[in-house]
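Working notes, structure below.
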Amino acid sequence: MKLACWNINSIRARKERLLAWLDQARPDVLCLQETKVVDAEFPAAELAERGYQSVVHGQKTYNGVAIVSRQPLNDPRRGFDDGGDDSQCRLLVAETFGVRVASVYVPNGGELGSDKHQYKLAWLARLRAWLERTARPDQPLILCGDFNVAPRESDVAYPEQWRETVLFHPSVREALQPALAWGLRDLFAEKVPAGGVYSWWDYRQLAFPRGDGLRIDLVLGTAPVAARCEKAWVDREARKGKQPSDHAPVLVELRD
DNA sequence: ATGGTTGCTTAGCAA
1 MKLACWNINS
11 IRARKERLLA
21 WLDQARPDVL
31 CLQETKVVDA
41 EFPAAELAER
51 GYQSVVHGQK
61 TYNGVAIVSR
71 QPLNDPRRGF
81 DDGGDDSQCR
91 LLVAETFGVR
101 VASVYVPNGG
111 ELGSDKHQYK
121 LAWLARLRAW
131 LERTARPDQP
141 LILCGDFNVA
151 PRESDVAYPE
161 QWRETVLFHP
171 SVREALQPAL
181 AWGLRDLFAE
191 KVPAGGVYSW
201 WDYRQLAFPR
211 GDGLRIDLVL
221 GTAPVAARCE
231 KAWVDREARK
241 GKQPSDHAPV
251 LVELRD
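In the working numbering, the protein residues as written are 1 to 256.
Below is the structure:
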């Protein structure tokens, strides 16, 4: 089973690119983030023409997550459903290919010390609580998407310059740890030598051609999934050319 | 310290 995750940064702006990429990459499952459309505007019919079913959790203008799969997507669930703020569409989970798959869009966090930074830290704490409440570390679960956190020094091209930002500050790296400690492994980190492989490059200041990237898009899995993971990679080609997303897809291949 | 770019929506926010 080949699974991809991709922050598409507006599925309306990127629809033709996405369809062309699907025809070429042919993942079995694709988790999308930042679709930025209400559910009725998600291009489910065009995906269905290519053999993909969809479940969506979208909103206007901001956020929005989706999962598309070549097999049925069972028992979809939206948001934390923990009594807290669920107005931002950032979490969607469904079962497909015998695996519980979650598409995750962690809050960016804005400026260090801002309310958005605090919201991000709290959101990651809620993620750990949601795992405890709704999942088990001995069952097959994949949690993938845009975490807006680079976990390791080697996941950042210029760590000194990024440490004082909300993508690599110690506070957010620490806030990610409880979810990992619950029983999630970084599938990409286990398969690819550390350093020099990134998934996001800022649109500004020629970050992509300068190689100024961060690995903030993660594919995490419980032990039963990690045991089946054969390889992982980033499709850098998808970041090139005309009007790309600022993120590249991250992929993993699981043994059947 | 600011601004650099893109998308959505229409001047300004979010990323």
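Backbone N, C-alpha and C define an ideal beta-carbon position, used for all residues, glycine too.
Keep in mind that this is a model prediction, so the values were computed, not measured.
### Cβ separation of Arg-128 and Pro-178, assumed to be a contact under 8 angstroms, to the nearest whole Å
Here residue 128 is taken as the residue at index 128 of the first sequence, counted from 1. Here residue 178 is taken as the residue at index 178 of the first sequence, counted from 1. Yes, Arg-128 and Pro-178 are in contact; Cβ-Cβ is about 4 angstroms, under 8 angstroms.
### Query
What is the rounded straight-line gap between the Cα of Thr-35 and the Cα of Val-68?
Along the first sequence, read from residue 1 onward, the residue named residue 35 stands at position 35. Along the first sequence, read from residue 1 onward, the residue named residue 68 stands at position 68. Distance between the alpha carbons of Thr-35 and Val-68 is about 12 angstroms.
### Message
Per DSSP, what are the beta-bridge partners of Tyr-105 in this structure?
### Response
Mapped onto the first sequence, residue 105 falls at position 105. Bridge partners of Tyr-105: Asp-146.
### Query
Applying the criterion that 16 or more other CB atoms from any shown protein chain within 10 Å of the CB defines a buried residue, is Pro-209 buried or exposed?
On the first sequence, residue 209 is found 209 positions in, with the first residue counted as 1. Burial call: exposed.
### Task
Flag this pair as touching only if the region 132-150 and the region 221-228 have three or more C-beta atom pairs under 8 angstroms; answer yes or no.
yes
#### Entry: Start-to-end residues for the alpha helix (DSSP H) that takes in His-117
In the first sequence, the residue the question calls residue 117 occupies position 117. Taken as a continuous stretch (DSSP letters only), the alpha helix (DSSP H) holding His-117 covers 115-134.
### Query
Count the other CB atoms within 10 Å of the CB of Arg-255; is the residue buried (16 or more) or exposed (fewer)?
In the first sequence, counting from the first residue as 1, residue 255 sits at position 255. Exposed.
### Query
Does the Cβ-Cβ distance between Leu-187 and Val-149 come in under 8 angstroms?
Within the first sequence, residue 187 is the residue found at index 187, counting from 1. Within the first sequence, residue 149 is the residue found at index 149, counting from 1. Their beta carbons are not under 8 angstroms apart, which means Leu-187 does not touch Val-149 by this criterion.
### Query
When you compare only the Cα positions, how much space is there between Ala-66 and Ala-125?
For the purposes of this step, residue 66 is identified with residue 66 of the first sequence, where counting begins at 1. For the purposes of this step, residue 125 is identified with residue 125 of the first sequence, where counting begins at 1. Cα-Cα distance, rounded: 22 angstroms.
### Task
With Asp-23 as the anchor, note down where its alpha helix (DSSP H) starts and where it stops.
The count along the first sequence starts at 1 and reaches residue 23 at position 23. First-last of the alpha helix (DSSP H) with Asp-23: 15-25.
### Query
Which class does Lys-231 belong to by DSSP, given the choice of helix, strand or coil?
In the first sequence, residue 231 corresponds to position 231, counting from 1. In this structure, Lys-231 counts as strand in the three-state DSSP scheme.
### Message
Once DSSP output is grouped into helix, strand and coil, what is the label at Asp-86?
### Response
Start at 1 with the first residue of the first sequence, and residue 86 comes out as number 86. Asp-86 falls in the coil class under three-state DSSP.
### Query
For Pro-151, which three-state DSSP category applies?
Here residue 151 corresponds to residue number 151 of the first sequence, with the count starting at 1. In this structure, Pro-151 counts as coil in the three-state DSSP scheme.
### Task
List the whole-angstrom C-beta distance separating Cys-89 from Gly-64, where the pair is believed to meet the contact cut-off of C-beta under 8 angstroms.
On the first sequence, residue 89 is found 89 positions in, with the first residue counted as 1. On the first sequence, residue 64 is found 64 positions in, with the first residue counted as 1. That pair is a contact at about 5 angstroms.
### Message
Could you check whether Asp-217 and Ala-25 sit closer than 8 angstroms to each other, using their CB atoms as the reference points?
### Response
Sequence index remark: in the first sequence, residue 25 carries index 25 (1-based). Sequence index remark: in the first sequence, residue 217 carries index 217 (1-based). The answer is no: Cβ separation not under 8 angstroms.
### Task
Evaluate the contact criterion for the region 143-163 versus the region 99-113: three or more CB pairs, one atom per stretch, below 8 angstroms.
yes
### Query
What residue from Gly-84, Asp-28, Ser-10, Leu-91 has the CA that sits closest to Thr-61's CA?
Taking the first sequence and counting its residues from 1, the one referred to as residue 61 is at position 61. Measuring from the Cα of Thr-61, the nearest candidate turns out to be Ser-10.
### Task
Just tell me which of Ala-238, Ala-194, Leu-131 has its CA closest to the CA of Val-156.
Here the question's residue 156 lines up with position 156 in the first sequence. That would be Ala-194, whose Cα lies nearest to the Cα of Val-156.
#### Entry: Helix, strand or coil at Asp-202 according to DSSP, with G and I counted as helix
The residue given as residue 202 occupies position 202 in the first sequence. In the structure shown, Asp-202 sits in coil (DSSP, three-state: anything other than H, G, I, E or B).
### Query
Distance, Cα to Cα, Lys-22 vs Gly-79?
Here residue 22 refers to the residue found at position 22 of the first sequence. Here residue 79 refers to the residue found at position 79 of the first sequence. The sequence shown places Leu at residue 22, rather than the Lys named in the question. Cα to Cα, Leu-22 sits roughly 26 angstroms from Gly-79.
### Message
From the DSSP secondary-structure annotation, give me the bridge partner or partners of Thr-96.
### Response
Along the first sequence, read from residue 1 onward, the residue named residue 96 stands at position 96. BP columns for Thr-96 point to Val-99.
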